[in-house]
Amino acid sequence: MYIPPSFRIEDTAKLTTFMNAYSFATLVTSDSGVPFATHLPVRPFCEDDACTMLVSHMARANPQWRHFSRDEEVLAIFTGPHAYISPSWYTSEKAVPTWNYAAVHVYGRPVIMDDHERVVSLLAETVDFYERAFDRPWPNILPAAFRDQLIHDIVAFEIQVTLIEGKFKIGQNRSQDDTAGVYNGLSGSPDGNSRALAELMVSEGLR
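Add 26 to the 1-based position in the sequence shown for our numbering, that's all there is to it.
As structure tokens, this is what we get:
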């Protein structure tokens, strides 16, 4: 991914928080030179100063898992908030429209999980992660035979991370006055993406 230095994010804590917040990612592989993409919930596993692994699963009927090879990397794209930026928000006279956004790209080698108990554990952890946001989380108690049939119909996998690229293009290259105008434009928008981008500007110290 093309990343000017002022937009690059390398802090592991920020990357982890971002990937957990925007965990519905796009997984891109190649099938005989033709790109193939699937939209999936993807969870990062990060410790200390490194994110070493992503985990996810897909329907067994999805042919993408057959593209997996230890010799070829895959790409997981985590897309965060994004919005059109109007030059009318700038104080600078010489300005044109642009698009601000945040994204994280993760490259790595896919490995299919064959251990049944590990797959059961992965699915339970995934459900717990998303259910914890609700006042009354689903208890995730299923008959073993029914659960095992569902597991048979999916392919769980991990991605052994080789490279992470984080990019927050949120006006770091603009003057303080221009940045203030962008923040006001975004925070006052009825669009949820725009307001989320304004919140990211705050968390990154631009407001």
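Using N, Cα and C, we set each Cβ at its ideal position, and we do this for glycine too. Quick caveat, the model's predicted, so the values are computed rather than measured.
Asked, Found
"For glutamate 107 versus asparagine 210, is the C-beta distance shorter than 8 angstroms?", "Checking the sequence, you will find proline at residue 107 rather than glutamate. No, Cβ-Cβ distance for proline 107 and asparagine 210 is not below 8 angstroms."
"On the criterion of 16 or more Cβ atoms from any shown chain inside 10 Å, does tyrosine 28 qualify as buried, or is it exposed?", "exposed"
"Using a 10 Å radius around the Cβ and a threshold of 16 neighbouring Cβ atoms, would you call glycine 59 buried or exposed?", "exposed"
"State the DSSP-derived secondary structure class of lysine 40, mapped to helix, strand or coil.", "helix"
"By how many angstroms is the C-alpha of leucine 101 removed from the C-alpha of phenylalanine 194?", "18 angstroms"
"Run through the region 91-123 for me and flag every whole beta strand (DSSP E) of 3 or more residues, listed as ranges in chain order.", "100-111"
"Is it the case that the region 107-120 contacts the region 151-165, given that we only count it when at least three CB pairs across the two stretches are under 8 angstroms?", "no"
"Should the region 184-200 be regarded as contacting the region 116-134, the criterion being three or more beta carbon pairs within less than 8 angstroms?", "yes"
"Taking CB distances under 8 angstroms as the criterion, tell me whether isoleucine 35 reaches chain C.", "Of the protein chains in this structure there is only one, and it is not chain C."
"Exposed or buried, serine 95, counting other C-beta atoms within 10 Å across all chains shown (16 or more means buried)?", "exposed"
"Using the DSSP secondary-structure output, state which residues sit across from aspartate 74 in a beta bridge.", "In DSSP, aspartate 74 forms no bridge with anything."
"Residues in its own chain within less than 8 angstroms of threonine 78 by CB, not counting five upstream and five downstream?", "Phe71, Cys72, Gln186, Val187"
"Which partner residues does asparagine 166 have in the DSSP bridge list?", "Paired residues: none, contrary to the question."
"How would you call serine 201, buried or exposed, if buried means at least 16 neighbouring beta carbons within 10 angstroms?", "exposed"
"From what residue to what residue does the alpha helix (DSSP H) around glutamine 202 run?", "202-213"
"Go ahead and label proline 136 buried or exposed: buried means 16 or more other beta carbons lie within 10 angstroms of its beta carbon, across all protein chains shown.", "buried"
"Taking the continuous beta strand (DSSP E) assigned at aspartate 217, which residues delimit it?", "Here aspartate 217 belongs to no beta strand (DSSP E), and DSSP marks it neither H nor E."
"What residue range does the alpha helix (DSSP H) around alanine 150 cover?", "142-157"
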